[in-house]
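Chemist: The numbering used here numbers the first residue of the sequence shown as 4 and each following residue consecutively.
For each residue, glycine too, the CB sits at the ideal point set by N, CA and C.
Treat the numbers as computed from the prediction; the structure is a model and nothing was measured.
Next up is a structure, given as structure tokens.
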Amino acid sequence: MKNRKTVTSRRSGGIIVGYTENLKNMIEIKETDCKYVMWFQVNGKVFNLDKPVVFGVVYIPPEYTKYSSDEAINQIEQEYLRFSNYSNYICLLGDFNARTGCDDDFVIIDENEHGDNNLSDFIENPVNALKDLSFPIKRVNMDKGKNRYGNMLLNFCKGNGVFILNGRMGRDQNIGRFTCRNASVVDYCISSPGLLKSFKDFEVLDSSKLLSDVHNPISVTFYCNKNVVNDHAENVDCNSHDNTVKKINRWDSEKIKDFQNNIDVEKNVELEYKLCNTDLNDVNKNVINTFIGDLCNIFVRCGQATFGISSVKRNKNKGESGNKNKPWFDVECKFARQNYRKLKRRFKSKNSCQNHLDMLNAEKVYKKVLDNKNRKFRNDLSNKIQNLRGNNPKEFWKILNKGKKKKQPDIDIGKLHDFFKNLNAAPEDDQSVRFPDIDPMQTTTVGGADGGAVGGAVGGAVGGADGGADCPAVTCPVGYSKLDDQQISPNCYLFGGLNDIRNWQSADDVCTSTNGAYLLVPDSLNEINALRRKFGIGDNDVDVWTGANDLNSPGNFVFKGNNKKFDFNALPFGIENEPDEPRGSCVELHLNSDGVWGWDADSCTDSEYYICELPVVSKNIAFKANIYVLYS
Numbered sequence: 004m005k006n007r008k009t010v011t012s013r014r015s016g017g018i019i020v021g022y023t024e025n026l027k028n029m030i031e032i033k034e035t036d037c038k039y040v041m042w043f044q045v046n047g048k049v050f051n052l053d054k055p056v057v058f059g060v061v062y063i064p065p066e067y068t069k070y071s072s073d074e075a076i077n078q079i080e081q082e083y084l085r086f087s088n089y090s091n092y093i094c095l096l097g098d099f100n101a102r103t104g105c106d107d108d109f110v111i112i113d114e115n116e117h118g119d120n121n122l123s124d125f126i127e128n129p130v131n132a133l134k135d136l137s138f139p140i141k142r143v144n145m146d147k148g149k150n151r152y153g154n155m156l157l158n159f160c161k162g163n164g165v166f167i168l169n170g171r172m173g174r175d176q177n178i179g180r181f182t183c184r185n186a187s188v189v190d191y192c193i194s195s196p197g198l199l200k201s202f203k204d205f206e207v208l209d210s211s212k213l214l215s216d217v218h219n220p221i222s223v224t225f226y227c228n229k230n231v232v233n234d235h236a237e238n239v240d241c242n243s244h245d246n247t248v249k250k251i252n253r254w255d256s257e258k259i260k261d262f263q264n265n266i267d268v269e270k271n272v273e274l275e276y277k278l279c280n281t282d283l284n285d286v287n288k289n290v291i292n293t294f295i296g297d298l299c300n301i302f303v304r305c306g307q308a309t310f311g312i313s314s315v316k317r318n319k320n321k322g323e324s325g326n327k328n329k330p331w332f333d334v335e336c337k338f339a340r341q342n343y344r345k346l347k348r349r350f351k352s353k354n355s356c357q358n359h360l361d362m363l364n365a366e367k368v369y370k371k372v373l374d375n376k377n378r379k380f381r382n383d384l385s386n387k388i389q390n391l392r393g394n395n396p397k398e399f400w401k402i403l404n405k406g407k408k409k410k411q412p413d414i415d416i417g418k419l420h421d422f423f424k425n426l427n428a429a430p431e432d433d434q435s436v437r438f439p440d441i442d443p444m445q446t447t448t449v450g451g452a453d454g455g456a457v458g459g460a461v462g463g464a465v466g467g468a469d470g471g472a473d474c475p476a477v478t479c480p481v482g483y484s485k486l487d488d489q490q491i492s493p494n495c496y497l498f499g500g501l502n503d504i505r506n507w508q509s510a511d512d513v514c515t516s517t518n519g520a521y522l523l524v525p526d527s528l529n530e531i532n533a534l535r536r537k538f539g540i541g542d543n544d545v546d547v548w549t550g551a552n553d554l555n556s557p558g559n560f561v562f563k564g565n566n567k568k569f570d571f572n573a574l575p576f577g578i579e580n581e582p583d584e585p586r587g588s589c590v591e592l593h594l595n596s597d598g599v600w601g602w603d604a605d606s607c608t609d610s611e612y613y614i615c616e617l618p619v620v621s622k623n624i625a626f627k628a629n630i631y632v633l634y635s
């Protein structure tokens with residue numbers, strides 16, 4: 004959006020460019036100094052063109068007002084010339100507040116005037132572009148009046164060889180329909196000669212009170228390359244009217260080879276060729292975005308081919324705040340909108356004078372209801388704010404800041420480092436402030452496995468420690484021990500012994516007698532093999548109880564220790580043993596003669612080895628800073 008806050012202290016409108024989300028990678032906003040036009044460019048591939056198409060959305064205030072400027076068109080022309088240096092495809096559209104009548108917007112070049120010197124062969128005549136496309140050279144305009152801005156606009160067109168499309172093409176050809184108050188033409192679409200071939204239609208639509216009180220909307224249609232648009236669109240069907248969206252299925256590690264094989268080698272080679280043959284002097288943000296987009300599309304298509312696409316229910320909430328109505332949009336507004344939409348559909352299905360009149364009346368009623376509700380809400384809010392300003396400042400600022408995002412300060416990491424370095428610096432002399440000594444027990448805890456970095460960063464300001472960050476236990480209870488390689492698991496384990504075999508319930512009782520411990524929950528093959536080596540359980544034909552069981556819900560296995568779901572169809576490692584036998588209520592791990600671990604669901608009354616597991620004990624540590632204030 005390019006607003007006009009520098010023109011006036013009051014809200015006075017501005018220029019907004021809106022586009023559908025599937026085109027966001029194809030559009031780039033161009034920041035300029037001129038406040039009368041907002042520029043943006045679209046990737047030329049969308050229009051099957053070799054260069055980007057530059058659009059300028061224009062609003063020039065009416066002449067003889069305090070906002071008018073005789074330099075408006077001159078400023079627009081200067082920026083037009085700058086963009087024309089790298090693109091022949093430029094389109095200006097918007098409210099120029101210029102009345103041009105039926106005067107020519109081009110210079111007539113008499114080819115016979117130059118005689119036999121063939122000078123006309125070297126003069127480019129823009130009018131030929133109209134002839135080649137069978138566009139009428141003379142445009143039609145229902146507005147016969149002219150004003151000073153109109154003369155300036157005609158001179159701009161003649162000087163730069165551009166053409167006004169109103170009354171010249173599409174559904175407005177030979178009509179030149181009014182665009183303002185049904186009395187004048189001040190809204191235009193202006194195109195450079197090179198872009199004319201990309202226009203499919205131009206139309207001045209019926210006025211709508213919901214869009215503007217006085218202006219008619221302008222509709223411009225282009226010939227586009229739909230394949231390019233779809234390639235750059237996100238993996239969502241934006242035109243779908245159902246409540247579902249299509250998304251690529253989740254990554255499956257078992258299909259890594261398939262994913263690699265499905266990568267489009269030709270597209271990859273093509274992209275590599277473009278990268279290697281691109282002149283670095285021509286590289287800009289748009290070029291980089293194009294390369295990144297092409298690379299992403301290679302992986303997206305590969306993911307679609309490998310993992311497939313599924314339809315999921317569309318989330319009704321759109322954006323961060325959701326698709327919520329304004330606070331003043333109540334039931335009466337909804338009813339007026341519903342009635343307007345119903346009559347609008349009726350008019351589209353059956354075009355008659357009565358249906359058109361009914362639709363216009365419903366539109367006026369809808370607009371009136373919206374204006375009244377909005378006005379009443381603003382007045383009530385204004386009165387509420389005035390009453391709260393002195394009586395309840397907290398609620399006052401809460402209302403004013405509603406909807407505003409809290410921006411976190413961007414602190415330079417170097418300044419942050421210097422701040423803590425100075426904060427923790429030792430006093431230079433006896434006259435400096437002395438901080439209280441830190442309890443050695445607290446210092447030991449802070450400097451543990453995960454607390455060392457924190458203690459070193461803020462140790463100079465620490466005055467106490469009572470809970471906050473997680474620190475693993477250093478030692479295990481009596482009988483428990485850690486693995487030799489704690490990268491596999493930091494937990495503590497207890498093995499009952501080669502001579503101690505128990506049923507599942509008895510083994511569970513032994514484990515739970517230690518606070519926080521439970522029967523083994525093996526997460527990886529490395530973990531169970533490390534336990535076998537540590538406790539010398541054996542090389543084959545070994546059975547060890549795990550905490551998995553279905554005692555509470557037959558058929559639904561969970562680990563008792565952490566309520567983690569266990570599924571025979573999604574084993575963390577190993578194989579399922581004896582799949583044809585009926586499953587029991589408790590799960591054990593069996594090491595077969597081939598050295599492969601398998602999972603059995605047997606009767607809980609069987610007697611097997613058991614291993615207890617105790618997660619690392621965490622202690623919360625929070626730092627309490629002592630703040631000293633010096634007065635001089």
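Assuming residue 193 and residue 165 form a contact by the criterion Cβ under 8 Å, report the distance between their Cβ atoms to the nearest whole angstrom.
Modeler: The pair is a contact, with the Cβ atoms about 5 Å apart (cut-off 8 Å).
Chemist: Can you pull the DSSP bridge partners for residue 601?
Modeler: Residue 601 is bridged to 578, 593.
Chemist: Does the Cβ-Cβ distance between residue 579 and residue 292 come in under 9 Å?
Modeler: No. Outside cutoff.
Chemist: What are the start and end residues of the alpha helix (DSSP H) that includes residue 528?
Modeler: From DSSP, the alpha helix (DSSP H) with residue 528 extends over 528-538.
Chemist: Between residue 305 and residue 267, which are expected to be in contact by the criterion C-beta below 8 Å, what is the C-beta distance as a whole number of angstroms?
Modeler: Confirmed, about 7 Å.
Chemist: When the Cα atoms are used, what is the spatial distance from residue 546 to residue 264?
Modeler: Those two C-alpha atoms are separated by around 41 Å.
Chemist: Check for me: the alpha helix (DSSP H) holding residue 352 runs from which residue to which?
Modeler: Per DSSP, residue 352 belongs to the alpha helix (DSSP H) from 334-352.
Chemist: Does the Cβ of residue 285 have 16 or more other Cβ atoms within 10 Å, making it buried, or fewer, making it exposed?
Modeler: Exposed, because fewer than 16 other Cβ atoms sit within 10 Å of the Cβ of residue 285.
Chemist: Is it the case that the Cβ atoms of residue 191 and residue 101 are separated by a distance below 9 Å?
Modeler: Cβ distance < 9 Å, so residue 191 and residue 101 count as in contact.
Chemist: Tell me residue 93's beta-bridge partners as DSSP assigns them.
Modeler: DSSP lists 57 as partners of residue 93.
Chemist: When you compare only the Cα positions, how much space is there between residue 618 and residue 507?
Modeler: Their backbone Cα atoms lie some 20 Å apart in a straight line.
Chemist: Distance cutoff 9 Å, beta carbons only. Does residue 564 sit that close to anything in chain B?
Modeler: Note that chain B does not occur in the displayed structure, where there is just one protein chain.
Chemist: Distance, Cα to Cα, residue 307 vs residue 593?
Modeler: Cα-Cα distance, rounded: 39 Å.
Chemist: Since residue 98 and residue 63 are thought to touch, with beta carbons under 8 Å apart, how far apart are those beta carbons, to the nearest angstrom?
Modeler: Confirmed, about 7 Å.
Chemist: Given that a residue counts as buried once 16 or more other Cβ atoms are within 10 Å of its Cβ, and exposed if not, what is residue 549?
Modeler: Buried is the call here.
Chemist: What would DSSP say about residue 158, mapped onto helix, strand or coil?
Modeler: Helix.
Chemist: My parser needs the beta strand (DSSP E) runs of 3 or more residues fully inside the stretch 487-524; what are they?
Modeler: Qualifying beta strand (DSSP E) stretches, in chain order: 495-498.
Chemist: So, with DSSP's three-state summary, where would you put residue 549?
Modeler: If DSSP states are grouped into helix, strand and coil, residue 549 belongs with the strands.
Chemist: Let's test the definition: count the other Cβ atoms within 10 Å of the Cβ of residue 345 and tell me whether it reaches 16, buried, or not, exposed.
Modeler: Label assigned to residue 345: exposed.
Chemist: Figure out for me which residue from 231, 171, 377, 370 has the closest Cα to the Cα of residue 332.
Modeler: Residue 332 has its Cα closest to that of 377, out of 231, 171, 377, 370.
Chemist: Near residue 203, what residues of its chain come up, given a Cβ to Cβ distance below 7 Å and the 5 sequence neighbours on each side ignored?
Modeler: The residues are 224, 225, 226.
Chemist: Out of 399, 206, 210, which has the shortest C-alpha to C-alpha gap to residue 178?
Modeler: Considering only alpha carbons, the answer is 206.
Chemist: Out of 142, 68, 73, 96, which one is the CA nearest neighbour of residue 151?
Modeler: That would be 73, whose Cα lies nearest to the Cα of residue 151.
Chemist: Cutting at 6 Å between CB atoms, please list the residues of its own chain near residue 511, excluding the five before and the five after it.
Modeler: 522, listed in sequence order.
Chemist: Let me confirm a value: residue 201 is counted as buried when at least 16 other C-beta atoms fall within 10 Å, else exposed. Which label applies?
Modeler: So residue 201 counts as buried.
Chemist: Under the three-state reduction of DSSP, which class applies to residue 99: helix, strand or coil?
Modeler: Reduced to three states, the DSSP call for residue 99 is coil.
Chemist: Classify residue 616: buried if its beta carbon has 16 or more other beta carbons within 10 angstroms, exposed otherwise.
Modeler: Buried is the call here.
Chemist: Buried or exposed for residue 1, please, with buried defined as at least 16 other CB atoms from any protein chain shown within 10 angstroms of its CB.
Modeler: The structure shown does not extend to residue 1, since the chain is modelled only from 4 through 635, so no value can be given for it.
Chemist: Does the Cβ-Cβ distance between residue 610 and residue 505 come in under 9 Å?
Modeler: Yes, they are a contact pair.
Chemist: Which residue comes first and which comes last in the alpha helix (DSSP H) that contains residue 385?
Modeler: Element bounds for residue 385: 356-394.
Chemist: Could you spell out the range, first to last residue, of the beta strand (DSSP E) harbouring residue 83?
Modeler: Taken as a continuous stretch (DSSP letters only), residue 83 belongs to no beta strand (DSSP E), being part of the alpha helix (DSSP H) at 75-86.
Chemist: Would you call the CB atoms of residue 553 and residue 560 closer than 9 Å?
Modeler: Their beta carbons are under 9 Å apart, which means residue 553 touches residue 560 by this criterion.
Chemist: Label residue 271 either buried or exposed according to how many other C-beta atoms from any shown protein chain fall within 10 Å of its C-beta, with 16 as the threshold for buried.
Modeler: Exposed, since its Cβ has fewer than 16 Cβ neighbours within 10 Å.
Chemist: Enumerated in chain order, which unbroken segments of the alpha helix (DSSP H) with a length of 4 residues or greater are wholly contained in the stretch 249-313?
Modeler: DSSP runs (the alpha helix (DSSP H)) wholly in the stretch 249-313: 259-264, 268-279, 288-310.
Chemist: Of all the options 514, 612, 526, 334, which has the alpha carbon lying nearest to the alpha carbon of residue 372?
Modeler: If we check each option's Cα against that of residue 372, 334 comes out closest.
Chemist: Measuring only the C-alpha atoms, how far is residue 174 from residue 219?
Modeler: Cα to Cα, residue 174 sits roughly 15 Å from residue 219.
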